Amino acid sequence: EALIVSVGQFRPEKNHALQVEAMGELQKMLGRGETARMLIVGSCRNEEDEGRVKAVQKHIKDLKLESCVEVRVNVSWPDLKGLFGTAKVGLHTMRNEHFGINVVEFMASGVLPVSHNSGGPKSDIVKVGETGYLAETAVEYAACMAKVLGMRG
Numbered sequence: 001e002a003l004i005v006s007v008g009q010f011r012p013e014k015n016h017a018l019q020v021e022a023m024g025e026l027q028k029m030l031g032r033g034e035t036a037r038m039l040i041v042g043s044c045r046n047e048e049d050e051g052r053v054k055a056v057q058k059h060i061k062d063l064k065l066e067s068c069v070e071v072r073v074n075v076s077w078p079d080l081k082g083l084f085g086t087a088k089v090g091l092h093t094m095r096n097e098h099f100g101i102n103v104v105e106f107m108a109s110g111v112l113p114v115s116h117n118s119g120g121p122k123s124d125i126v127k128v129g130e131t132g133y134l135a136e137t138a139v140e141y142a143a144c145m146a147k148v149l150g151m152r153g
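Anchor point for the sequence shown: position 2 equals 2 in the UniProt record's numbering, and the numbering is continuous, going up by one each time.
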């Protein structure tokens, strides 16, 4: 089973809904015997962030993706390192992020990033096809993830 991981605070600009929708699109692309699972890992600063986690969980349920998308909050550093050691794709969906340190962390861990086609990831970090991929829509993200995972998408 291929593991896709997203790491970031639960803030509106991180666009976790797009990640869930991209996973829904990826599920449509999977061939027989191909499986993928997504972990959305993040921290909560306050009650508003906790509300965002609940909204992401509801979106997962509404799209019937509970079997392949999981949210984990405030994961320990050792557990996060373990996820980086097993993940194949690192998902980044924030539009116009100035730099995107998690994209570099993915790359340093051997996890290929699929990042938003804007900001620092586009201009300074990702060389498409070499160090990662860039996308904007759920379908584009799914196609890039399928490519990284060697699936038929």
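Cβ coordinates follow ideal geometry from the N, Cα and C atoms, glycine included.
Computed from a prediction, not measured in an experiment: that's the story for all the values here.
Specify the secondary structure class of residue 111 as computed by DSSP and reduced to three states.
Residue mapping note: residue 111 aligns to position 111 of the sequence shown, counting from 1. Of the three classes helix, strand and coil, the one that applies to residue 111 here is coil, per DSSP.
To which residues of the same chain is residue 1 closer than 8 Å at the C-beta, ignoring the five residues directly before and after it?
Locating residue 1 in the sequence shown gives position 1, counting from the first residue. Closer than 8 Å at the Cβ level, and outside the excluded window around residue 1, lie 35, 36, 37.
Buried/exposed call for residue 93, threshold 16 Cβ in 10 Å
The residue you call residue 93 lines up with position 93 of the sequence shown. Result: buried.
Could I get the ranges of all uninterrupted beta strand (DSSP E) runs contained in the stretch 64-120, with 3 residues as the minimum, in chain order?
69-73, 89-91, 112-116
Output yes or no for whether 8 Å exceeds the beta carbon distance between residue 44 and residue 73.
To locate residue 44, count along the sequence shown from 1; it is residue 44. To locate residue 73, count along the sequence shown from 1; it is residue 73. Yes. Within cutoff.
Using a Cβ-Cβ cut-off of 6 Å (strictly less than) and excluding sequence neighbours within five positions of residue 99, which residues of its own chain qualify?
For the purposes of this step, residue 99 is taken as the residue at position 99 of the sequence shown. If we look at residue 99 and ignore the five residues flanking it on each side, its Cβ neighbours are 120.
Under 8 Å by Cβ, that's how I've got residue 113 and residue 90 pegged, so tell me the actual separation to the nearest angstrom.
On the sequence shown, residue 113 is found 113 positions in, with the first residue counted as 1. On the sequence shown, residue 90 is found 90 positions in, with the first residue counted as 1. About 4 Å separates the two Cβ atoms, so the contact holds.
Out of 134, 19, 131, 107, which has the shortest C-alpha to C-alpha gap to residue 70?
As a working note, residue 70 is residue 70 in the sequence shown. Per the Cα distances, 19.
Does the beta-carbon of residue 54 have 16 or more other beta-carbons within 10 angstroms, so that it is buried, or is it exposed?
As a first step, residue 54 is located in the sequence shown; it is residue number 54 there, counting from the start. Under this definition residue 54 is an exposed residue.
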